[in-house]
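Trainee:
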Amino acid sequence: MKKKIFKVALTSVFLLTPFLVWLSPQEPQALSPFELNQHLTGQYQAQKKQYLQVLSSYQQIKDDFVTARQRYLQAQNAANSNLFLKKIQTYFPSAIDTMISYLETAQKRIENSSALSSEEKQALIAEIQTDINYLQKQKHSFTSVPDLGTAKENARTLKDYWLKNRLRARKWSCQILQAKVENILTRLENTANRLEEKIKSLQAEDQDIDELLKEIANFRTKISQAREELNAVQEKCNGLADSGNNLSFSEVHQQIKQVNQLLREAHRDLTAIARKLTKYRHKQIKVFAGTGVIHTKGSGKMAALGNGSVTGTVDPAGGGSLTIIDQNGDAQVDTNGQGHKEEIGNNEVKYTGIGTISVTGSNIIVIINGSGLDITAKGTGKVLLKGNLTYQIGGSNEWKKVLPGGVEASLSIR
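FYI, in mature numbering (1 follows the signal peptide of the UniProt record, and there is no 0) the residues of the sequence shown are -23 to -1, 1 to 391.
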């Protein structure tokens, strides 16, 4: 009797395991987000624990079965035959129990999946139930098997059944995977569309958005590649439904891994774009070459760094302050005799209770805080604005609003 007589194609059903991680549970409507998470986590852990217990028991029984088979193949006497038959009567039912437990877990995961429609779920669950019913009937044929010859025939029947039906099992695994990945792709694309709208809205604020647009384009390229790979996977999975197709399932599995890698990369890219967009929206960066003048009004903070002048007014009742760091020691300051002057040290002076401001100098830093600002900065350097402010560049009549994070303007005079 050959060594392969009693081997059953168990691996075919266990090859489906990697795909179960793609299945996401559906949300019970009555639960809060926290309760939902607790519910789904507990449900999954219970199913996993039960399956692992069955699998552990099967592994122990399998070891005894393999030992008995080896003894029988070495010496086919009555004692070894009887021992081998007893191990068959426990091994195959245990193997079938493991398959059933796995399929029942798969059923529950499909039932809780949000990636499939209710009709698709019902169809897949019914298909799996057909397999479960068949396997349950097969258990009895092994527990009461009278001799090794009958056991051989039963094992061949079970093996042939799985060789025939594993292709269908793989096909529904692919169907679940494709639906799940399609949902992921759709969510990523919708998020990208929203980000792109926000990016383009910055264009109205004269921001340089070319880099962000390039990154969005790169993201869409990866999504397109993922879709192409997924379509190829689906074609191969459809081919698996034909029992005459000998396509290696490892090839399908490898392509699925490639899709997964593309999705991971695309998600990382999208996260990076969102973070950069947050920085853009929190600080407008503008370069105004050739103008050299910026005028701002409102409440908030204005800081000027460089060479030139800062003049204007601030509401004395609004708790306004003026801080000057005179790095070259040539700054000229006029507050029209208003306010309180405080020497901070290291060429830094602070004025409070001021109304009128006039500061000129080179390599100076001027910081103004308060309400009722009406300030003009002229010269070369940088101006930073933050708060409830509007600003005007050069001789333009167009006033723009400062975004929540502020504006950084580089000024120069040609």
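Yeah, the Cβ is synthetic: ideal placement off N, Cα and C, and Gly gets one too.
1) Leu239 by DSSP, collapsed to three states: which one?
2) Taking residue 395 and Leu254 to be in contact with their CB atoms under 8 Å, please state how far apart those CB atoms are, rounded to whole angstroms.
3) Does DSSP classify Asp351 as helix, strand or coil?
4) State the CB to CB distance for the pair Leu101 and Ile77, rounded to an integer number of angstroms; the pair is presumed to be in contact (CB under 8 Å).
5) Per DSSP, which residues does Leu29 bridge with? Please list them.
6) Output the distance between the C-alpha atoms of Ser58 and Tyr49, rounded to the nearest integer angstrom.
7) Mind checking if Asn305 is an interface residue toward chain E, Cβ cutoff 8 Å exclusive?
8) What distance in whole Å lies between the Cβ atoms of Glu325 and Ile302, which are believed to be in contact at a cut-off of 8 Å?
9) Sort Glu319, Glu320, Lys355 and Gly322 by Cα distance to Ser335 and report the nearest one.
10) Check for me: the beta strand (DSSP E) holding residue 393 runs from which residue to which?
11) Please check the pair Lys278 and Asn365, which I expect to be a contact at CB under 8 Å, by giving their CB distance rounded to whole angstroms.
12) Would you identify the three-state DSSP class for Asp246, choosing helix, strand or coil?
13) What does a CB cutoff of less than 8 Å around Thr367 pick up in its chain, not counting 5 residues either side in sequence?
14) Can you tell me whether Phe196 sits near the ligand GDP, meaning its C-beta is under 7 Å from at least one heavy atom of the ligand?
15) Please go through the segment 283 to 337 and give each complete beta strand (DSSP E) segment of 3 or more residues, from N-terminal end onward.
16) In this structure, does DSSP put Ile38 in helix, strand or coil?
17) By alpha-carbon positions, which one of Gly297, Gly296 and Ile331 ends up nearest to Asp311?
18) For Gln53, which three-state DSSP category applies?
19) In the DSSP assignment, what are the bridge partners of residue 403?
20) Is it buried or exposed for Pro70, if we count other Cβ within 10 angstroms and need 16 for buried?
21) CA-CA distance, Tyr328 and Gly269?
22) For Thr290 and Gly314, I'd like the C-alpha separation in whole angstroms.
23) Assuming the contact rule is C-beta atoms closer than 8 Å, Lys98 and Ile87 should be a hit. Round their C-beta distance to whole Å, please.
24) Excluding the 5 residues flanking Ile193 on each side, which residues of the same chain have their C-beta closer than 8 Å to its C-beta?
25) What residues are listed by DSSP as bridge partners for Val343?
26) Under a Cβ-count criterion, where at least 16 other Cβ atoms within 10 Å of its own Cβ denotes burial, should Lys191 be classed as buried or exposed?
27) In chain order, what residues of the same chain have a beta carbon less than 7 Å from the beta carbon of Asp108, not counting five sequence neighbours either side?
28) Relative to the C-alpha of residue 392, which candidate in Ser121, Lys148, Phe196 and Thr67 has its C-alpha closest?
29) Roughly how many whole angstroms lie between the Cα atoms of Gly306 and Ala294?
30) Using only CA atoms, which one of Gln84, Ala92, Gln27 and Lys64 lies nearest to Asp41?
31) Are there 16 or more other CB atoms within 10 angstroms of the CB of Lys25, so buried, or fewer, so exposed?
32) According to DSSP, what are the bridge partners of Lys378?
33) Look at the alpha carbon of Thr333 and the alpha carbon of Ile344, and state the distance between them as a whole number of angstroms.
Mentor: The answer reads as follows:
1) Sequence index remark: in the sequence shown, residue 239 carries index 262 (1-based). Leu239 falls in the helix class under three-state DSSP.
2) Lying before the first or after the last residue shown, residue 395 is absent from the chain, which here runs from -23 to 391.
3) Here residue 351 is taken as the residue at index 374 of the sequence shown, counted from 1. Asp351: strand per DSSP, three-state reduction.
4) Within the sequence shown, residue 101 is the residue found at index 124, counting from 1. Within the sequence shown, residue 77 is the residue found at index 100, counting from 1. About 16 Å; that fails the 8 Å criterion.
5) One-based indexing of the sequence shown puts residue 29 at position 52. For Leu29, which the question treats as bridged, DSSP gives no partner whatsoever.
6) By one-based count along the sequence shown, residue 58 stands at place 81. By one-based count along the sequence shown, residue 49 stands at place 72. Answer to the nearest angstrom: the Cα atoms are 6 Å apart.
7) Structure shown: chain E not included; a single protein chain is present.
8) If you number the sequence shown from 1, residue 302 lands on position 325. If you number the sequence shown from 1, residue 325 lands on position 348. Confirmed, about 5 Å.
9) Mapped onto the sequence shown, residue 335 falls at position 358. Closest by alpha carbon: Lys355.
10) Outside the shown range of the chain, which is -23 to 391, sits residue 393, and nothing can be said about it.
11) As a working mapping, residue 278 is identified with position 301 in the sequence shown. As a working mapping, residue 365 is identified with position 388 in the sequence shown. At roughly 10 Å, the Cβ-Cβ gap does not stay under 8 Å, so Lys278 and Asn365 are not in contact.
12) As a position in the sequence shown, residue 246 is number 269, starting the count at 1. Of the three classes helix, strand and coil, the one that applies to Asp246 here is helix, per DSSP.
13) Against the sequence shown, residue 367 aligns to sequence position 390. Once the five neighbours on either side are set aside, the close Cβ partners of Thr367 are Thr273, Lys274, Gly275, Trp376, Lys377, Lys378 and Val379.
14) Among the components modelled here there is no ligand, and therefore nothing to report on the ligand GDP.
15) 298 to 303, 309 to 311, 317 to 322 and 325 to 329
16) On the sequence shown, residue 38 is found 61 positions in, with the first residue counted as 1. Helix at Ile38.
17) The sequence position of residue 311 within the sequence shown is 334, counting from 1. Residue Ile331 is the option with its Cα nearest to Asp311.
18) Within the sequence shown, the letter at position 76 stands for residue 53. Coil, per DSSP.
19) Since the first residue shown for the chain is -23 and the last is 391, residue 403 is missing from the structure and cannot be characterised.
20) For this step, residue 70 is matched to residue 93 along the sequence shown. By the neighbour-count rule (16 or more Cβ atoms within 10 Å), Pro70 is buried.
21) Residue mapping note: residue 328 aligns to position 351 of the sequence shown, counting from 1. Residue mapping note: residue 269 aligns to position 292 of the sequence shown, counting from 1. Spanning the two alpha carbons is a distance of roughly 26 Å.
22) Mapped onto the sequence shown, residue 290 falls at position 313. Mapped onto the sequence shown, residue 314 falls at position 337. Taking the straight line from one Cα to the other gives about 13 Å.
23) On the sequence shown, residue 98 is found 121 positions in, with the first residue counted as 1. On the sequence shown, residue 87 is found 110 positions in, with the first residue counted as 1. Indeed they touch by this definition, with Cβ atoms about 6 Å apart.
24) Taking the sequence shown and counting its residues from 1, one reaches residue 193 at position 216. Ala169, Leu172, Glu173, Ile176 and Ile250, listed in sequence order.
25) As a working mapping, residue 343 is identified with position 366 in the sequence shown. Its beta-bridge partners are Ala281 and Ile301.
26) One-based indexing of the sequence shown puts residue 191 at position 214. With fewer than 16 Cβ atoms within 10 Å of its Cβ, Lys191 is classed as exposed.
27) For the purposes of this step, residue 108 is identified with residue 131 of the sequence shown, where counting begins at 1. Hits under 7 Å: Leu80 and Asn142.
28) Beyond the ends of the chain as shown, which are -23 and 391, falls residue 392; an answer cannot be given.
29) As a position in the sequence shown, residue 306 is number 329, starting the count at 1. As a position in the sequence shown, residue 294 is number 317, starting the count at 1. Going from the Cα of Gly306 to the Cα of Ala294 covers about 30 Å.
30) The residue you call residue 41 lines up with position 64 of the sequence shown. Ranking Gln84, Ala92, Gln27 and Lys64 by Cα distance to Asp41 puts Lys64 first.
31) Counted from its first residue, the sequence shown places residue 25 at position 48. The residue in question, Lys25, is exposed, as its Cβ has fewer than 16 Cβ neighbours within 10 Å.
32) The residue given as residue 378 occupies position 401 in the sequence shown. Paired residue(s): Thr367.
33) Counting from one through the sequence shown, the residue named residue 333 turns up at place 356. Counting from one through the sequence shown, the residue named residue 344 turns up at place 367. Cα to Cα, Thr333 sits roughly 14 Å from Ile344.
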